[in-house]
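The block underneath contains the structure these notes are about, expressed in structure tokens.
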Amino acid sequence: MTSSFLERWFESRGWTPFDFQREAWEAYLAGESGIVHAPTGTGKTLALWGGPLLESVDDPPGPGAYLWITPLRALAADTTRNLNAPIEADWSVETRTGDTSASIRARHRRKPPPALVTTPESLALMVSYADADRRLSRLKAVFIDEWHELVGNKRGVLLQLCLARLRALNPRLRIWGSSATLGNLDEAMQALLGPTRAGRLIRGLVPKRIEIESLRPASIERFPWAGHLGIKLLPQVLERLSNAQTTLLFTNTRNQAELWFQAIQSCAAGWAERVELHHGSIDRALRQSTETRLAAGELRCVVATSSLDLGIDFSPVDQVIQVGSPKGIARLMQRAGRSGHQPGAVSRVLCVPTNALELIEVAAARRAVRDGSIEPRQVPLQCLDVLAQFLVTRALGGGFRKAELLPEIRDTYSYRTLSEAQLDWAVAFVEHGGDTLQTYPAYHKIVCENGVCRGASKRIGTLHRMSIGTITSDSAIAVRWVRGGMLGLVEESFIARLKPGDRFQFAGRNLELVRVRDMAAQVRLARGTRPNTVPRWLGGRLPLSTELADAVLEILEDARTASDLGPELATVRELLELQCERSELPGPGRLIAETATSREGSHLFIYPFAGRLVHEGLAALVAYRFGRLRPASFTLSANDYGFELASPKPFEVTESLLRRALDTTSLMEDMLAAMNASEMARRKFRDIARIAGLVFQGYPGQAKTARQIQASSGLIYDVLCRFDAGNPLLAQARQEVLEGELEFRRMREALEQIESMALVLTHTERLTPLAFPLWADRLRHSLSSEDWAARVRRAARALERAS
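Yeah, the sequence shown ends on 836 if you go by my numbering, and it's all consecutive.
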């Protein structure tokens with residue numbers, strides 16, 4: 034490519050374009066579409082944006098020429114600044130998200146800017162307007178940033194439908210995506226471009242060095258249990274914070290972030306005011322203030338969750354700390370990339386284990402990163418709730434002809450096999466609610482006449498646009514100061530357990546509940562005794578990924594034979610030796626099962642290393658199958674490594690019995706019987722009902738409570754089960770429970786592997802290091818946190834003395 038103003042712009046900053054960036058520019062100018070896959074901080078944004086910049090020299094963009102889709106609206110402002118920086122001509126990029134004021138949105142509709150940064154939900158909203166076809170047909174190109182964050186969820190499915198509409202309006206439309214961490218790029222390409230289109234995959238060849246280090250205690254307990262170790266390493270963490278310019282400290286859950294923020298701030302002598310907290314439940318204005326201070330280099334440490342995983346370039350950050358196992362290789366790489374967020378810079382991450390076994394996961398993650406192993410993102414298929422919502426969007430957006438709709442919908446990866454009968458059902462569902470709900474006018478969302486379907490009324494259009502999107506969450510309640518001012522959102526179920534005067538920790542502050550009024554928890558600063566309650570948000574558990582679990586098993590296999598174990602395994606050597614002494618180490622091709630007896634009764638421990646969600650399902654499955662052989666009651670416990678069945682009465686376990694209990698025969702039927710699948714599907718149906726438009730969540734500022742929404746969706750669920758048992762949305766709810774909450778596909782794969790594995794069944798006189806955390810976690814549910822921790826410590830000391 035000949036010298037251009039863009040290369041001169043690079044030169045003015047002391048940069049040189051990378052080959053993959055030039056390749057992306059050339060591919061764009063040649064009319065191609067594709068994906069740029071490169072490590073975080075190596076210039077993906079400029080690789081995508083360079084093509085339009087070069088194109089604009091000879092062909093200045095008119096209104097509505099370019100769309101840039103970002104997965105988080107919090108990234109929109111930062112992205113807009115970055116895209117505007119190289120522009121020398123008389124045009125600019127603007128932002129349009131749910132946070133954009135009504136006046137600016139109206140101006141964008143009257144006179145669209147040449148380029149717009151927006152979100153998948155805002156794009157769907159654009160498609161819903163009557164003049165959408167005329168406006169959106171002017172698009173030259175669409176760019177999807179951080180495609181890996183969208184491809185595996187329903188937001189990505191909604192975006193696929195929107196992109197298919199844009200392609201139908203403009204067959205020459207160029208579509209480009211960027212990603213840093215994807216293991217199934219071919220599938221991701223088809224989801225982005227459509228199942229029949231070829232695209233250019235451009236790999237960033239810039240080597241991005243990631244240094245993964247662990248913080249190791251001076252001595253290790255041979256009987257680990259979840260969560261107790263991390264905060265003990267606070268002095269070493271503070272030392273690392275003091276030696277760095279700016280640190281992002283990531284936790285896996287919001288309540289864990291609250292606890293670590295308080296611990297660091299209380300000990301950070303001289304720079305406590307330069308420590309901030311950032312997670313998705315904190316009010317947006319407070320988060321933006323933290324981001325601004327972080328970008329300006331004013332902060333020494335920000336304690337965060339995944340709310341800071343993506344995109345924003347915080348150049349001052351020179352260190353990332355990960356508290357607890359990252360549970361996935363891609364997640365660790367993404368977070369590590371927040372440091373050294375420039376081409377050629379080294380990304381460094383320090384892993385702080387919360388128990389001794391997590392040191393093994395750190396060693397496994399380092400090996401997986403070295404080998405380039407990254408988890409795939411499974412693309413959701415046949416989501417009829419999303420399709421139903423989009424049909425209303427299309428009907429409002431100028432209408433659609435049923436005869437022409439099927440090819441457009443099939444031009445998506447998720448609906449490429451959609452049958453004509455399925456589409457007919459979906460159209461009938463939004464037209465009159467289907468056979469069961471047709472007597473209720475609220476479900477008559479579109480009107481089809483002479484083969485053309487349009488929105489039923491202006492009111493339907495208004496309500497639908499308020500509900501566009503697929504993001505569902507547990508009902509939240511605002512936390513506000515008594516005298517005004519927003520702190521953020523916590524789950525309604527947490528506040529429901531408190532009474533006025535109770536104290537809790539939130540948004541980095543010690544608070545006292547004054548009253549609950551108008552869907553807000555009014556609070557003031559608590560004085561005196563520090564509160565010991567932290568909100569717990571649902572959905573915070575991250576299961577160990579298959580790729581990381583396999584790497585852990587390989588590491589354990591090495592520990593059996595290798596003399597040079599590396600720093601992490603050297604630290605836990607005694608733990609592993611004790612496991613071998615009392616039982617056996619798991620490894621590839623080898624399933625370990627242990628039986629034990631205690632004053633509590635009989636115990637069975639099994640270690641498939643398939644992740645917590647799979648193990649919860651397997652524990653229920655094995656207990657159900659045992660119970661069919663002879664009456665027995667079991668208490669279950671599961672973690673990422675295995676599961677426990679405990680019974681107050683003796684029960685004998687043999688290898689043949691275990692083989693039958695872990696068989697794949699009648700797996701689906703037995704799982705549905707073992708779990709309360711009907712009730713789980715009923716809860717899952719709440720989200721499906723909201724996305725499909727069966728339940729309205731309320732007007733802005735007047736949101737319905739979780740109880741109201743569950744009651745409404747539960748009533749519809751019961752009606753459909755009774756009068757329309759074959760309704761596809763019911764089947765979808767059951768399928769999503771199996772795949773999402775039980776990881777049924779991964780469970781089947783685990784059982785198929787177990788069938789060919791050697792089974793090592795050992796009776797142990799005392800708990801092993803792998804069994805102890807399962808026993809401790811089961812005990813947690815029957816005791817207060819203080820009593821539980823004390824009893825677990827006593828038990829660990831007793832086991833140490835016995836060994």
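Cβ atoms here follow ideal geometry from the backbone N, Cα and C, with glycine treated the same way.
Predicted model only: the values in this text are computed from it and were never measured.
Whole-Å CB distance - residue i paired with residue j, under 8 Å assumed
i, j, result
"R307", "R333", "4 Å"
"A60", "I235", "7 Å"
"V382", "A369", "4 Å"
"V150", "T103", "6 Å"
"A57", "S89", "The Cβ separation is near 16 Å, so there is no contact."
"R645", "P600", "At roughly 27 Å, the Cβ-Cβ gap does not stay under 8 Å, so R645 and P600 are not in contact."
"L608", "R255", "5 Å"
"L194", "V175", "Rounded, the Cβ-Cβ distance is 13 Å, inconsistent with contact."
"V350", "L282", "Contact doesn't hold; Cβ gap of about 11 Å is too wide."
"L602", "A592", "5 Å"
"W42", "P119", "5 Å"
"V412", "G237", "The Cβ separation is near 23 Å, so there is no contact."
"V793", "E617", "5 Å"
"I501", "S789", "So it is not a contact: roughly 48 Å between Cβ atoms."
Local conformation of residue i per DSSP, three classes
i, result
"W808", "helix"
"I120", "coil"
"I253", "coil"
"S21", "Any property of residue 21 remains undetermined from this structure, which presents the chain solely from 34 to 836."
"T75", "coil"
"L571", "Unreliable placement is indicated for L571, whose pLDDT of 49 sits below 50; the coordinate value is still reported in the next sentence. Looking at L571 - three-state DSSP - the assignment turns out to be coil, as it is neither helix nor strand."
"W42", "helix"
"W180", "helix"
"I68", "strand"
"W863", "Within the shown structure, residues of the chain are numbered from 34 to 836, placing residue 863 beyond reach of any answer."
"S745", "helix"
"A823", "helix"
"S500", "helix"
"L169", "helix"
"R403", "helix"
"R834", "helix"
"L816", "Only weak support is given to the placement of L816: the predicted model assigns it a pLDDT of 49, under 50, and the question is left unresolved by the model."
"F777", "helix"
"S340", "helix"
"V770", "helix"
"F667", "coil"
"G210", "strand"
"A408", "Here residue 408 is Glu; the residue named in the question, Ala, does not match the sequence. E408: coil per DSSP, three-state reduction."
"D462", "Inspection of the sequence shows that residue 462 is occupied by Phe rather than by Asp. Residue state, collapsed to three classes: helix."
DSSP beta-bridge partners of residue i
i, result
"C384", "S247, Q355"
"R536", "E545"
"R513", "M519, Q555"
"Y640", "I625"
"G660", "For G660, which the question treats as bridged, DSSP gives no partner whatsoever."
"H796", "T628"
"L420", "For L420, which the question treats as bridged, DSSP gives no partner whatsoever."
"R550", "A553"
"C334", "T280, V308"
"C481", "C486"
"I235", "V69"
* To do: Would you mind listing the beta strand (DSSP E) stretches within the stretch 582 to 638 that are 3+ residues and don't spill past its ends, in chain order?
  => The beta strand (DSSP E) runs lying completely inside the stretch 582 to 638 and spanning 3 residues or more are 623 to 631, given in chain order.
* Enumerated in chain order, which unbroken segments of the alpha helix (DSSP H) with a length of 4 residues or greater are wholly contained in the stretch 81 to 140? -> Assignment of alpha helix (DSSP H) within the stretch 81 to 140, counting only whole runs of 4 or more residues, yields 109 to 117 in chain order.
* Asked: Can we say the stretch 242 to 251 touches the stretch 320 to 334, given the rule of at least three CB pairs closer than 8 Å?
  -> Using a C-beta cut-off of 8 Å, the stretch 242 to 251 makes no contact with the stretch 320 to 334, since fewer than three inter-stretch Cβ pairs fall below that distance.
* Can you check the stretch 276 to 329 for any beta strand (DSSP E) of at least 3 residues that lies completely inside it and give the ranges in chain order? => Secondary structure remark: continuous beta strand (DSSP E) runs of at least 3 residues inside the stretch 276 to 329, in chain order: 280 to 283, 308 to 311.
* Would you say the stretch 493 to 503 touches the stretch 426 to 435, given that touching needs at least three Cβ pairs under 8 Å? -> Result yes; three or more Cβ-Cβ pairs closer than 8 Å.
* Asked: Touching or not, the stretch 677 to 694 and the stretch 711 to 724, by the rule of three or more beta carbon pairs under 8 Å?
  -> Contact between the stretch 677 to 694 and the stretch 711 to 724 is absent: fewer than three C-beta pairs spanning the two stretches fall below 8 Å.
* To do: Would you be able to state if there are at least three C-beta pairs under 8 Å between the stretch 693 to 708 and the stretch 647 to 665?
  => With the cut-off at 8 Å, the stretch 647 to 665 and the stretch 693 to 708 touch.
* To do: Taking 8 Å as the threshold, find out whether the stretch 611 to 631 comes into contact with the stretch 797 to 804 through three or more Cβ pairs.
  => Pairwise C-beta distances place the stretch 611 to 631 in contact with the stretch 797 to 804, as three or more of them are shorter than 8 Å.
* Segment contact, 8 Å Cβ cut-off, at least three pairs: the stretch 467 to 476 with the stretch 757 to 765 -> Enough Cβ pairs lie closer than 8 Å, so yes.
* **Complete runs of the alpha helix (DSSP H) confined to the stretch 676 to 726 [at least 4 residues]** => Residue ranges of uninterrupted alpha helix (DSSP H) with 4 or more members, entirely inside the stretch 676 to 726 and ordered along the chain, are 688 to 694, 700 to 707, 710 to 725.
* Inspect the CB distances between the stretch 539 to 550 and the stretch 574 to 594 and report whether three or more fall short of 8 Å. => Taking 8 Å as the limit for Cβ pairs, the verdict is that the stretch 574 to 594 does not touch the stretch 539 to 550.
* Inter-stretch contact at 8 Å, needing at least 3 Cβ pairs: the stretch 166 to 180 / the stretch 439 to 456 -> Taking 8 Å as the limit for Cβ pairs, the verdict is that the stretch 439 to 456 does not touch the stretch 166 to 180.
* Are there three or more Cβ pairs, one per stretch, closer than 8 Å when the stretch 803 to 812 is compared with the stretch 663 to 678? -> Segments in contact, yes.
* Asked: Counting pairs of Cβ atoms below 8 Å between the stretch 451 to 469 and the stretch 758 to 777, do you hit three or more?
  -> Yes, they touch.
* Asked: Between the stretch 63 to 75 and the stretch 200 to 209, do three or more beta carbon pairs fall short of 8 Å?
  -> Output reads yes: the stretch 200 to 209 touches the stretch 63 to 75.
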